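Student: A single structure is presented below for examination.
Below, the structure written as structure tokens:
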């Protein structure tokens with residue numbers, strides 16, 4: 053109960069409280085800040101979608117060569 057009380061107090065203050073005066077003119081970051089994150093996200097999604105291909109065409113022949121001595 054005490055933990056939930058502290059959690060709710062800070063959650064309400066952080067997410068639903070008033071903004072401090074020095075944060076009223078906050079803007080989005082420039083392209084040089086968010087472009088690398090978008091690029092990394094696209095790479096991660098592409099790797100996730102290509103994972104069966106990676107196993108079938110890259111890992112399987114390598115494991116077969118090492119394990120079977122081919």
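In our numbering, the protein residues as written are 53 to 122.
No residue lacks a Cβ here, since even glycine has one placed at the ideal position from N, Cα and C.
Since the model is a prediction, treat every value here as computed from it, not as a measurement.
#1: Where residue 105 and residue 81 are concerned, what is the direct C-alpha to C-alpha distance, given to the nearest angstrom?
#2: Please report the distance separating the alpha-carbon of residue 83 from that of residue 100.
#3: Just the Cα atoms here: how many angstroms apart are residue 67 and residue 78?
Tutor: Working from what's here:
#1: Against the chain shown, residue 105 aligns to sequence position 53. Against the chain shown, residue 81 aligns to sequence position 29. Each residue's alpha carbon lies about 36 Å from the other.
#2: Counting from 1 along the chain shown, the entry for residue 83 is found at position 31. Counting from 1 along the chain shown, the entry for residue 100 is found at position 48. Taking the straight line joining both Cα atoms gives about 25 Å.
#3: Mapped onto the chain shown, residue 67 falls at position 15. Mapped onto the chain shown, residue 78 falls at position 26. About 16 Å.
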